[in-house]
Amino acid sequence: MEATPGRERLIEQFKADGLYVMFGNPGTVEQGFLDAVDAAADFHYVLALQETVAAGIADGYARATGGAALLQLHSGVGLGNGIGMLYQSLRGHTPLVVVAGDAGVRYDAMDAQMACDLVAMARPVTKYATRVTDPRSLLRTVRRAVKIALTPPRGPVFVALPMDVLDELNSEPVLPSTEVLTDVSPSPASVGRAAELLASAERPIVLVGDGVALSGAQHELVAVAELLGADVYEVDSSEVNIAASHPLRRGQTGHMFGPHSKEIVGDADGVLIVGTYVFPEVFPELDSPFRAGAKVVHIDLNAYEIAKNHPVDLGLAADPRQALRALAGVLERRLGPHRRAAAARLDVRTRERAREARTAVEDGTPMAVFLKTLAERTGGDLIVFDEALTTSPLVTRYLPAERPGDYHLTRGGSLGVGFPGAVGAKLARPERLVVGFAGDGGSMYTYQALWTAARHGIDAKFVVCNNRKYRLLDDNIAQYWRERDIPEHGFPGSFDLSHPEIDFAGLARSLGAGGMRVEKPDEAVAAVGRMLSHPGPFLVDIQI
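Under our numbering, the first residue of the sequence shown carries the number 873, and numbering increases by one thereafter.
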């Protein structure tokens, strides 16, 4: 095979893996590579003004496509900027292929400007991190990284690319990376044991996470939950694992305080955990929250997560879809007299859900009017990227997470995901309406994403849930005071964002997007019309 510069051959390798779009922010040590990118046919560079934004857009793109996304960062300084967002991707199992340049292997001994150990920087926030040091192994190393990123448990990977390695002639074959199939079925004996542990439960519960969505196991999950008559709670969940309208879905366990999860699971005598770990709170329970004698079955492709924190009676390292399908078949045959009790529990939840719908109180605030109008105008046919945080319950009340791929929730604990995530999702799904929701504080972490949307003609829409504070911190410190019997008093000044006031609509316009501010309910109705009719990115700042 004719040799060509490594920088050009690398682009062909990316294209062989279906990676035709690269998100990034340029730097000097990548200049030769980026020059080749600019000249490459059928390969596109999406420019962000800061690396955190580029990483967030790439994350949203990968989540919307269900595949990998390619992210370019600039050496140590750019990688450092992107690390917080890469942590989000690590916790959410997003298969990002991250590359960053350095000046060259020949300069390793010089300790020169911007020199640092890129692999050591990337390792804590990636599934795999390495550096290419020989031109003859450039493509083989990239293929290895792509394979690792896409193999469950998925996650971001990092490859450092020295300039001199990319400048060398390369004759490696360009081949698609190997996809590792993981549709692993548990043995009949294991499934039988799981059914035996769960079938007789009088107060069963199912805890699910994004492993269900990744394996496409939503239908199988519902079948098992209905057979058991088990409440379904989502744990460390950011995708649609069960439709919000299903009567057995009970919401999220939460991510902050362990006692909240303990209260949810403490009475269960049969527990099925699928596609997640327990429990992901910031302040978790150190002792097992499950009642003594409760039978616990844990199914996940990621064996590390099974019984990671608390013992279980049976752990199955298997594909959730295959395992749940087999479990449903065995439960159909084995439930016997317990079938009637399970049906009764399902009936109770169905009647409760209907009663809640009948007695729901109409909310006349600007945000509620905006959401209700948006739902009516679109028929709910849109993709929501939700970083609304304390406003999320209202968002999902009017725009419930019903269909896989229609809803993405922030994950990982840091701010700034919502707006770049919406840009990435819209780029991946240009035929769909995509609306990103973020708090006023969270939006300012990555507001530059609007410029990228305007530059590249990405018609995403954005909503700022503006309460002029980091409201979640108010809620959390109030809990802290209660736990320690500290009298309530004024919230720390560092939580307040009211002065000077941020002109979000004006800022959006300065970045090339449209924008308007909403203070009254009647303005919210007009805002929906303007947002939907505006060609290009548009932002609505809603006062709460």
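Quick reminder that beta carbons are idealized off the backbone N, C-alpha and C, glycines included.
Are residue i and residue j touching if we call contact CB-CB under 7 Å?
i	j	result
valine 970	phenylalanine 1030	yes
leucine 1100	arginine 1221	no
aspartate 1258	valine 1267	yes
alanine 972	leucine 951	yes
aspartate 833	valine 1289	Residue 833 lies beyond the stretch modelled for the chain, which goes from 873 to 1416, so this question has no answer here.
valine 1412	methionine 1403	yes
valine 1004	leucine 1010	yes
leucine 1038	phenylalanine 905	yes
leucine 968	proline 1048	no
arginine 879	alanine 913	no
serine 1370	arginine 1340	yes
serine 947	valine 901	yes
Applying the 10 Å Cβ sphere with the 16-neighbour rule, what's the burial state of residue i?
i	result
tyrosine 1176	exposed
tyrosine 1352	exposed
alanine 1032	buried
glutamate 1153	buried
tyrosine 933	buried
serine 1087	buried
glutamate 923	buried
serine 1059	exposed
alanine 940	buried
proline 996	exposed
threonine 1050	exposed
leucine 1165	Reading off the sequence, residue 1165 comes out as glycine, not leucine. Classification for glycine 1165: exposed.
aspartate 956	Note that residue 956 is glycine in the sequence shown, not aspartate. So glycine 956 counts as buried.
leucine 1041	exposed
alanine 1200	buried
aspartate 1082	buried
Could you say which of the options lies nearest to residue i if we only look at CA atoms?
i	options	result
aspartate 1006	Thr998, Met1035, Arg995	Met1035
cysteine 988	Asp974, Gly938, Asp931, Leu1218	Asp974
aspartate 1394	Gly1277, Thr1262, Ser1110, Lys1244	Lys1244
valine 1018	Ile1114, Ser1062, Gly890, Gly1378	Gly890
isoleucine 1349	Gly1138, Ala994, Arg1197, Phe1155	Phe1155
threonine 966	Ala981, Ala1001, Gly928	Gly928
phenylalanine 1334	Leu882, His1182, Arg1343, Ile1414	Ile1414
serine 961	Leu1281, Arg1227, Pro1364, Thr1263	Leu1281
valine 1184	Cys1337, Ala1213, Ala1066, Val1397	Ala1066
alanine 1198	Ala1297, Asn1042, Ala1089	Ala1089
arginine 1217	Arg1075, Val1063, Gly956	Arg1075
serine 1117	Leu1344, Ile1358, Ile883, Arg1225	Arg1225
leucine 1305	Ile1330, Thr1054, Leu1322, Leu1287	Ile1330
aspartate 1172	Pro1131, Val1080, Arg1227	Val1080
valine 1063	Asp1235, Gly1251, Thr1231, Arg1205	Arg1205
glutamate 1157	Val1143, His1132, Asp910, Leu1144	His1132
alanine 936	Leu990, Ala1214, Ser1110	Ser1110
phenylalanine 1129	Leu882, Leu1144, Arg1354, Ser1405	Arg1354
aspartate 1219	Pro1265, Ala1102, Phe1162	Ala1102
proline 1265	Gly899, Gly1123, His1406, Val1143	Gly1123
proline 1192	Gly1251, Leu1207, Tyr1270, Val1078	Val1078
Kindly list the residues whose CB is nearer than 7 Å to the CB of residue i, restricted to its own chain and excluding five residues on each side of it in sequence; keep chain order.
i	result
arginine 963	Arg1283, Gly1284
glycine 1187	His1170, Ile1178, Ala1179
valine 1400	Phe1242, Thr1245, Leu1246, Arg1249
alanine 1326	Leu1383, Gly1384, Ala1385, Gly1408, Pro1409
histidine 1210	Ala1071, Ser1072
asparagine 953	Gln922, Glu923, Thr924
phenylalanine 1363	Asp1346, Ile1349
alanine 1332	Ala1294, Val1295, Lys1298, Val1306, Gly1308, Ala1325, Pro1409
histidine 1127	Pro1152, Glu1153, Val1154
Which same chain residues, not among the five before or five after residue i, have their C-beta less than 6 Å away from its C-beta?
i	result
serine 1057	Gln1194
asparagine 1174	Pro1025
threonine 1023	Val1052
serine 1160	His1182
threonine 998	Pro1028, Val1029, Phe1030
alanine 1321	Val925, Phe1291, Pro1292, Val1295
threonine 1263	Cys1337
For residue i, which residues in the same chain have their Cβ closer than 8 Å to its Cβ, ignoring the five residues on either side in sequence?
i	result
tyrosine 979	Ala987
histidine 1328	Val918, Leu919, Leu1299
valine 1112	Ala1085, Gln1090, Ala1273, Glu1274, Arg1275, Pro1276, Gly1277, Asp1278, Tyr1279
glycine 1365	none
proline 1238	Val1390, Glu1391, Lys1392, Pro1393, Glu1395, Ala1396, Ile1414, Gln1415, Ile1416
isoleucine 1114	Val1080, Val1084, Gln1090, Leu1093, Val1094, Ala1097, Val1104, Glu1106, Leu1120, Arg1121
leucine 1203	Ala1067, Leu1070, Ala1071, Val1096, Leu1099, Leu1100
Say whether chain D places a C-beta atom closer than 7 Å to the C-beta of residue i.
i	result
valine 1256	Absent from the structure: chain D. Only one protein chain is present.
- prompt: Would you say the region 1102 to 1109 touches the region 1142 to 1153, given that touching needs at least three Cβ pairs under 8 Å?
  reply: Segments in contact, yes.
message: Taking 8 Å as the cut-off, does the region 1373 to 1381 touch the region 1315 to 1326 (at least 3 CB pairs, one atom from each stretch)?
response: Yes: at least three Cβ pairs fall under 8 Å.
- prompt: Counting pairs of beta carbons, one from the region 1086 to 1099 and one from the region 1122 to 1138, are three or more of them closer than 8 Å?
  reply: Because the criterion of three Cβ pairs below 8 Å is not met, the region 1086 to 1099 and the region 1122 to 1138 do not touch.
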